[in-house]
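Numbering (my numbering), first residue to last: 26 to 380.
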């Protein structure tokens, strides 16, 4: 039996302000459209998602929880399964659609259980099809914290290789952990919802690669519901951030492959146009222009000039890596460094918005 919005029985209970749903069916199957499921991030109408940080949550007293998902692009993707704040890695691939999230839990206790996309937009688009709960279980919609942060960036924001054991290890589905990126950690510290728009190698004005380096920069992907599909526009009214954090410029400054140095006017022009675009959909947002910790100059010298053109725009430069333990794959921040960056970001957010 499929439990949908129309045939669900609504119970009035006190559960942290949650909406409560129950079923008398021998097992509880929740379709993706079930009212107890809370989605955060960019999802299509048929529940496909690809950006880092997209999450799906319920509160439930089930002893066993499974998710039904289909990988619709690429060979694999990485998710975090989060049970009451404790996270573990889950690989999604094309060989199956049913995934055990939790089993053998002690009965009689409500738990917050969710999925969080660890890998970035270039690594796997997934269609979520619903949950399966143990017989007699109830499901509750988790409450909204009422705070929203949008973090826009490149590989640093995605958590590229942050669990790599060596610099040479680079990045993989297994060691890219967006759940432990500075953006996600800071959001949890601030008790805020986070939306992450990030993709390795992308820039503000130009990308890292030599060929077609101004195609599909992050500002050009800003309106995409799915990272690599322009045909599904995002409705920005579904998530209006209180704070927008931008960390773009590391790839713009790259001269790899013989590229010329980044032109100041090109970068500033692209940046100011992007801020104006953000303000068109979130006019009251506080905006933090950040950079680091992999590269700084000359873009770091230009950020104050950009910020001065707008109200409620500040600049944050993350501290440089302190040693080898701060470095993950390909010289990116490790989880240790992500935690330090998160503390810097949370402090700056509290400074600008008084949370």
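Yeah, the Cβ is synthetic: ideal placement off N, Cα and C, and Gly gets one too.
All figures in this text were calculated on a predicted structure; none of them were measured in a lab.
Shown here for residue 132: same chain residues with a beta carbon closer than 6 Å to its own, the five before and five after excluded, namely 88 in chain order. Ranking 179, 86, 100 and 269 by CA distance to the CA of residue 371 puts 269 first.
For residue 329, the secondary structure class from DSSP, reduced to helix, strand or coil, is helix.
Annotation: the continuous alpha helix (DSSP H) that includes residue 363 extends over 360-378. Annotation: the segment 213-262 contains the following complete segments of the beta strand (DSSP E) (minimum length 3 residues), in chain order: 218-223, 249-251 and 254-258. Classified as exposed, residue 123 has fewer than 16 neighbouring CB atoms from the shown chains inside 10 Å of its CB. Short of 7 Å from the beta carbon of residue 205, and not among the five residues preceding or following it, lie these beta carbons of its own chain, in chain order: 184, 187, 360 and 363. With contact defined as three or more Cβ pairs closer than 8 Å, the segment 96-116 and the segment 165-180 are not in contact.
When the five nearest sequence neighbours on each side are left out, the beta carbons in the same chain lying within less than 6 Å of the beta carbon of residue 311 are those of 268, 337, 377 and 378, in order along the chain. Using a C-beta cut-off of 8 Å, the segment 297-313 makes contact with the segment 327-346, since at least three inter-stretch Cβ pairs fall below that distance.
In this structure, the beta-carbon distance from residue 158 to residue 84 does not fall below 8 Å. One Cα belongs to residue 367, the other to residue 211, and the distance between them is close to 5 Å. Per the Cβ contact rule, the segment 94-107 is in contact with the segment 141-151 (3 or more Cβ pairs under 8 Å). In this structure, residue 296 sits away from residue 220, with a CB-CB distance that is not shorter than 8 Å. The segment 135-147 makes contact with the segment 186-201, as at least three CB pairs between them are under 8 Å. The alpha-carbon separation between residue 236 and residue 276 amounts to approximately 13 Å.
Residue 307 sits in coil when the DSSP states are folded into three classes, being neither helix nor strand.
For the pair of segments examined, the segment 156-171 was found not to touch the segment 288-306: the number of CB pairs separated by less than 8 Å stays below three.
Assignment of residue 58 by DSSP, reduced to helix, strand and coil, places it in the coil class.
For residue 180, the uninterrupted alpha helix (DSSP H) segment begins and ends at 180-183.
By the criterion of a C-beta distance shorter than 6 Å, residue 271 is surrounded in its chain by 177 and 314, once the five residues flanking it on both sides are discounted.
Beta-bridge pairing by DSSP links residue 80 to 65 and 141. For residue 146, no pairing in a beta bridge is given by DSSP. Closest option to residue 140, judged by alpha-carbon separation, among 129, 134, 130 and 155: 155. Per the coordinates, the alpha-carbon of residue 247 lies some 12 Å from the alpha-carbon of residue 257. In the DSSP assignment, residue 101 is bridged to 118.
Looking from the CA of residue 259, the closest CA among 284, 92, 322 and 75 belongs to 75. With a threshold of 16 other beta carbon atoms within 10 Å, residue 330 falls short and is exposed.
Collapsing the DSSP output to three states places residue 131 in coil.
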